[in-house]
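Okay, structure first, notes after.
There are 2 protein chains.
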Amino acid sequence: MSVSPAILQSQPGVFEVLCLGGMARCFVLQKQPVVGHTAKMPASSSKLESRNRLSAGDWECAALETLAESGVGAVAVEALARRLGVTKGSFYWHFATREALIQAALDRWERDAENEVLAPIERVTDPRERVRELIRQVSHRRLSHAVFAALLKSVDLALIRPVVERVSQRRIAFVTEAFRQAGFDRTAAANRARLAFSAYVGFIQLAQVGQPRMTHDEFEAYIRDFIEVLIPHAGQ
Amino acid sequence: MSVSPAILQSQPGVFEVLCLGGMARCFVLQKQPVVGHTAKMPASSSKLESRNRLSAGDWECAALETLAESGVGAVAVEALARRLGVTKGSFYWHFATREALIQAALDRWERDAENEVLAPIERVTDPRERVRELIRQVSHRRLSHAVFAALLKSVDLALIRPVVERVSQRRIAFVTEAFRQAGFDRTAAANRARLAFSAYVGFIQLAQVGQPRMTHDEFEAYIRDFIEVLIPHAGQ
DNA sequence: AGCCAACCATACTGGCGCGTATGGTAACCG
DNA sequence: CGGTTACCATACGCGCCAGTATGGTTGGCT
C-alpha cells in the first residue's frame, strides 16, 4: 500500500497499535523537496544508511506517527527525541518551538491527505456510482483516519482548529458536489453530504472505543447499507 | 426546555458559552441524597443563602460544568477552586484525588443523562413514529451533548473510556431496538442504528468547529432529511 | 590540513498542576 | 462553655515538560 517494507524497517522505532506508524511514514517519507530543508542531499546514498543525522522532515514524520497513535498531547519534544534516539538539543536546531513542528507536520499531512483521498475517485465517471465509490474508498482507508480522529479530539486548540475546519469544509463540499452531480437538488445534496460526513466522523471516533464492535463482514454489510440508505439503487 | 429557570440562577457562577453551565446544573443540582455526603442538611435554608461552605456535590457540579465547557483537561482542582472561590485545601477534604472527583461527577452524569433522554420517548407508542421522535428529541437537546462530546475527546484516558463505552453501547442498543420494533430486520436495524448514532456523534463534534455552519431553519431541514433518509414515510 | 556549518549532548531555568502537611475558624454538641 | 467536627487557607515538595545556554562532534569544501 504505497509504502515499501524497506522504509518501514529503516528506522527501528516502536511499532504500535495497528501498524499506524506505517501510515504516517506513508504520508511523510516520500520526501518531496520541502522547500528549504535538506535541499542538497548529495544524491548519492539513499536514506537508509546515512540516516544517523536527522532532518526536519524526520521530526515531522515522527510527529505525525505519534499524533496518530497517541494524540496531539503526546507530540512532546522530549518524547519524540527519545523515539528518534536523540535529545532535545537536536530538535531546537530544526524548529523554533513545539508548535512550529506541529504546524509543519500538519501542513504536510493536509497537502498529502488531500490528493490521496480524492484522486482515485475522480476517475469514476458515472455520478451515482462515483458517490458509492467514494464511500467505499473512504471506508477502507482506515489508516488515513487516525490523524483526523486525533485532530478532532484537540479541536479546541488554536493550532488545530483551523486545520480541522479547512479539511472538513473541503470534504463536505466535495461530497455535496458529488451528490449534486448524482441528481440531488441543492439542499438534499448538502444534507446528505452532512449526514455522510458526520457519520464518517462519528464512526472513526466510536471505532476507537471499539463500540461498533463488528467483524469484517459485518463492516462490509454496514457499508453496503450505508450506501443504500444514502443513495439507493431503487430510487431513479 | 426541561430545566427550570429557578435552578439556573440558584448559584451565581460564571455563565459561559451557550449557557452550558445551565445544563450541568440541570443534571446535578437536583441534589438526590447521594449516599453518604451532605446527608443531614438541616432542612432549613435552601441552597441560596447558606452556600458559603461547599459540599462534594458542589464540586461535582462545577466539574461537570467545566468538563462541558473546556474538556476533561480543564477539570483541574486549582482551577475549580478558583471558580468556586476557595482553595485546594477545600477540595482535598472532599475528595482523595482529582480522578475521584471525575469519577463521581461522571457517575452522576451517567445516571441522570440516561433517564432524561429515554423517558420522554417511551411514551410514544407507534414504533416508526417513535424512532422519528427519538431523533427529533435528541437533535434538540443540544445542551446535553456537550459533556458527551468532551468525553469523546478524552476517550484514550482510562478514566473516561469505560464511560463512553457504556453510554454508547446502551444508546446504540436502544436505537437498534427502536428500529427493530419499527419493522426492520436484525441487521438492518443494527446498521441503521450505527449509522444514526455515528451521525449524531460526528455532528456534535463538527458542530464545535462550526463546520455544518447552518441556520436554525437549515438545521430543522437537516433533521427532517435525516429522519426521512433513515426511516422514510414512503417505504411500507 | 583546516575551517565552517550542520547537527547533537548536557545542564539548567521556569511554569504549571497534583498532592501533602499543618494550622485556622466557624458551627454545633454535650 | 470547652471541645469535637466539618470545612478551609497557606505553604511546601515534586514531577513533567517547554525552552535556553553552551559546548562538543562530524562532514564537506577550499
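Line by line, the protein sequences are chains A and B. Under the working numbering, the first residue of the first sequence is numbered 8, with each subsequent residue one higher. Under the working numbering, the first residue of the second sequence is numbered 8, with each subsequent residue one higher. The C-beta atom is built at its ideal place from N, Cα and C for all residues, glycine as well.
Coil, strand or helix - residue i by DSSP
{"i": "L166(A)", "result": "coil"}
{"i": "H101(B)", "result": "helix"}
{"i": "A88(B)", "result": "helix"}
{"i": "D114(A)", "result": "helix"}
{"i": "L61(A)", "result": "coil"}
{"i": "I238(A)", "result": "coil"}
{"i": "V138(A)", "result": "helix"}
{"i": "D133(B)", "result": "coil"}
{"i": "P127(B)", "result": "helix"}
{"i": "A326(A)", "result": "With chain A running from 8 to 243 in the structure shown, residue 326(A) is simply not present."}
{"i": "M73(B)", "result": "In the sequence under discussion, the amino acid at residue 73(B) is Thr, which differs from the Met named in the question. Residue state, collapsed to three classes: helix."}
{"i": "F22(B)", "result": "Because F22(B) carries a pLDDT of 26, less than 50, the predicted location of this residue cannot be relied on, and no value is offered for it."}
{"i": "K38(B)", "result": "Note on K38(B): pLDDT 33, under 50, position unreliable in the model; the coordinate value appears next. Coil at K38(B), not helix or strand."}
{"i": "G29(A)", "result": "With a pLDDT of only 33 at G29(A), under 50, the local geometry of the prediction cannot be trusted, and the value read off the model is given with reservation. Correct three-state label for G29(A): helix."}
{"i": "S52(A)", "result": "Only weak support is given to the placement of S52(A): the predicted model assigns it a pLDDT of 34, under 50, and the question is left unresolved by the model."}
Nearest residue (CA-CA) to residue i, options the options
{"i": "P289(B)", "options": "N59(A), R177(A), Q110(A)", "result": "Limits of chain B in this structure are 8 at one end and 243 at the other, which puts residue 289(B) out of reach."}
{"i": "I230(B)", "options": "A185(B), V174(B), R148(B)", "result": "R148(B)"}
{"i": "V216(A)", "options": "L166(B), E72(B), E117(B), E123(B)", "result": "L166(B)"}
{"i": "A88(B)", "options": "Q212(B), L61(B), D163(B)", "result": "L61(B)"}
{"i": "L237(A)", "options": "M221(A), R135(A), R90(A)", "result": "R135(A)"}
{"i": "V170(B)", "options": "E85(B), A112(B), T73(B), P127(B)", "result": "A112(B)"}
{"i": "L158(A)", "options": "I234(A), P127(A), E117(A), E129(A)", "result": "E117(A)"}
{"i": "I250(B)", "options": "S151(B), F186(B), T94(B)", "result": "For chain B, the structure presents residues 8 to 243; residue 250(B) sits outside this window and is missing."}
{"i": "V82(B)", "options": "Q212(B), V154(B), A200(B)", "result": "V154(B)"}
{"i": "S151(A)", "options": "N59(A), H240(A), P239(A), E72(A)", "result": "E72(A)"}
{"i": "V131(B)", "options": "A189(B), S161(B), A156(B), N198(B)", "result": "A189(B)"}
{"i": "A228(B)", "options": "E225(A), A228(A), T194(A)", "result": "T194(A)"}
{"i": "V182(B)", "options": "Q212(B), A200(B), E85(B)", "result": "A200(B)"}
{"i": "I179(A)", "options": "D232(A), F226(A), V138(A)", "result": "V138(A)"}
{"i": "E244(A)", "options": "H223(B), L213(B), R115(B), R90(B)", "result": "Outside the displayed span of chain A (8 to 243) sits residue 244(A), for which this structure offers no information."}
{"i": "M221(B)", "options": "A197(A), V93(A), S161(A), I128(A)", "result": "A197(A)"}
{"i": "E129(B)", "options": "D163(B), E184(B), F226(B)", "result": "E184(B)"}
{"i": "D114(B)", "options": "D232(B), H240(B), V174(B)", "result": "V174(B)"}
{"i": "N59(A)", "options": "A70(A), G92(A), L164(A), E85(A)", "result": "G92(A)"}
{"i": "S146(B)", "options": "H223(B), K95(B), P239(B)", "result": "H223(B)"}
Closer than 6 Å: residue i CB and nearest the ligand GTP heavy atom
{"i": "A196(B)", "result": "Inclusion of the ligand GTP in the displayed structure is not the case, the ligand content being empty and no account of it being possible."}
Just list the alpha helix (DSSP H) runs in the segment 143-225 of chain A, keeping only unbroken ones of 4 residues or longer that don't cross its boundaries, in chain order.
-> 149-160, 168-188, 193-215
Per the contact definition of three or more C-beta pairs closer than 8 Å, is the segment 204-213 of chain A in contact with the segment 200-219 of chain B?
-> yes
Three CB pairs or more closer than 8 Å across the segment 104-117 of chain A and the segment 59-79 of chain A = yes
Would you call the segment 134-144 of chain B and the segment 95-104 of chain B touching, i.e. three or more CB-CB distances under 8 Å?
-> no
At a cut of 8 Å, does the segment 119-135 of chain B reach the segment 75-85 of chain B through at least three beta carbon pairs?
-> no
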